[in-house]
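Single-structure report; data block below.
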Ligand code: ADP
Ligand code: MG
């Protein structure tokens, strides 16, 4: 019976219709979701079956499935559609026990100075050898963060915790990683993202193994946690983090934390945690100025030259052009530069500004299609609320603000009229939208943090 069922389904997709190269899909997942979410979650998805309008995907455990479905399914689906239009649904199958990635198992042994937890936590918390102090370029926007990071390496627990904050793509993870590499030489270092911390926390609860969890995280001498804003609104996790934090401080372990905003601006985080976070040294990283951008480009070109023993064909003029035009963050800047370098290599020519304009046309000039839908999703994600909460009738501030910001951006970034925007927010009246636009305009004029948040969201939306 079952065989027959499968057979009929397979009629829907012929061999030539099988278009997905899973490796490509995975690569683009990584670009789209970022390497943290990718390596924690999406990397573990395999393609089991491809049909005309849906896919059967394999995930290692039920927990993985639930997590991925609740947080990433919508995005995964719309992303898959860019590879194959006809897909309108995915199904997950649990593959636990069937797949062991021998590659990962092998790698784990290389990092034995980092504390180990049995269930392959190392696969996700490896320090990246390429993100070190040597290749971190100093500029006025990151100088204080950089010197503070170096000081922490010289003298543990002098500034405790060290808290580094700033927008996306400005070098927080790079700095944290550099600290980890440095301190790993002399002591045991735990480096983890808050999202990954959450994953282990929930997994331990499910396995009734909290003792091991507590023990594991509390025994490191240096505890580095990336993107702590992830704990916003998650009470159980905050509770656990608070106790981990305290016991680490008690035994004079060094704690280093990064976040996208200042400690006191972390809404929906317990006061006692905020004051602990702010209780050491708090430093920020700002947007790079032109000078830093130029320095970063030159450093990359120099590194490439040394590595590949080839001279670069990138003129001073082109460097200036890239640095001036790339306005979002350092991650983007490097992406743009890589593109230009690749082009000049392939075409073996010295590029002019006009060549660059052509190569980067889509990045710098193209009017990106931004929809109310995309804005709602991006804002919900950014403020760590669900889309349902964004669209709900509830008016508590933690929901109302993100909603107002989404309305404001919808007005500014799309051509939709006020009534149309209102309708897309669960049939609200256009006067509600007007009120939102006014409120956010006013707030962003007097509140730096608000302005920063809006700029960041805007650049996330423009980024792709
Ligand atoms: P964040 O964690 O703040 O989002 P990352 O640390 O991931 O940002 O940085 C994004 C990219 O930019 C990385 O490739 C990183 O190596 C690079 N980068 C950021 N700041 C610098 C810097 N000052 N010098 C060199 N590379 C940098
Ligand atoms: Mg980061």
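In my numbering, the protein residues as written are 50 to 513. Note that beta-carbon positions come from the ideal geometry of N, C-alpha and C, so glycine has one too.
Residue environment analysis places residue 137 among the exposed positions, since fewer than 16 neighbouring C-beta atoms fall within 10 angstroms of its C-beta. Check the Cα spacing between residue 178 and each of 79, 231 and 207: the tightest is with 231.
In this structure, the C-beta of residue 222 approaches the ligand MG to less than 7 Å from one of its heavy atoms. Secondary-structure assignment with DSSP links residue 303 through a beta bridge to 271. A straight line joining the alpha-carbon of residue 270 with that of residue 176 spans about 16 Å. In its chain, beyond the 5 residues on either side, 136 have a beta carbon closer than 7 Å to the beta carbon of residue 130.
For the set 128, 189 and 233, the Cα lying nearest the Cα of residue 79 is the one of 128. Cβ neighbours of residue 316 within its own chain (closer than 7 Å, five residues either side excluded): 281 and 447. The alpha-carbon of residue 440 is positioned some 11 Å away from that of residue 471.
Excluding residues up to 5 positions away in sequence, 85, 86, 89, 276 and 279 lie with their Cβ nearer than 8 Å to the Cβ of residue 244 in the same chain. Fewer than three beta-carbon pairs drawn from the stretch 257-264 and the stretch 222-239 are found closer than 8 Å, and the two stretches are therefore not classed as touching. In this model, residue 426 and residue 436 are separated by some 6 Å (Cα to Cα). Set against 7 Å, the gap from the CB of residue 217 to the closest heavy atom of the ligand ADP is smaller. By the Cβ-count criterion, residue 473 is buried, with 16 or more other Cβ atoms from all chains shown falling within 10 Å of its own Cβ. Under the three-state reduction of DSSP output, residue 107 falls in the strand class.
The residue from 334, 352 and 209 with its alpha-carbon nearest to that of residue 297 is 209. In this chain, residue 333 is not harboured by any alpha helix (DSSP H); it is covered by the beta strand (DSSP E) spanning 330-333.
In this structure residue 505 is not in contact with residue 485, their Cβ atoms being roughly 18 Å apart against a cut-off of 8 Å.
Secondary structure note for residue 440: its alpha helix (DSSP H) is the uninterrupted segment 436-440. A straight-line Cα-Cα distance of about 13 Å links residue 491 and residue 450.
With 16 or more neighbouring CB atoms inside 10 Å of its own CB, residue 225 falls in the buried class. With a cutoff of 8 Å on beta-carbon distance, residue 482 and residue 458 are scored as not near each other. In the DSSP assignment, residue 291 is bridged to no other residue. Three or more Cβ pairs closer than 8 Å define a contact, and the stretch 388-405 meets that threshold against the stretch 352-367.
Between the stretch 303-310 and the stretch 204-222, the count of Cβ pairs shorter than 8 Å is three or higher; the stretches touch. Secondary structure of residue 243 (DSSP, three-state): helix. Within the DSSP bridge table, the entry for residue 308 names 214 as partners. Checking the 7 Å criterion, the Cβ of residue 322 is out of range of every heavy atom belonging to the ligand ADP.
DSSP, read as helix, strand or coil, puts residue 185 in coil.
The Cβ atoms of residue 142 and residue 201 do not sit closer than 8 Å to each other. Here residue 357 is exposed: its Cβ has fewer than 16 other Cβ atoms, across all protein chains shown, within 10 Å. DSSP places residue 423 in the helix class (H, G or I) of the three-state scheme. For residue 315, no beta strand (DSSP E) run applies, since DSSP gives it neither H nor E.
Contact between residue 227 and residue 291 does not hold, since the beta-carbon distance rounds to 27 Å and is not under 8 Å. Close CB contacts of residue 253 within its chain, under the 6 Å cut and outside five residues either way in sequence, are with 259 and 262 (chain order).
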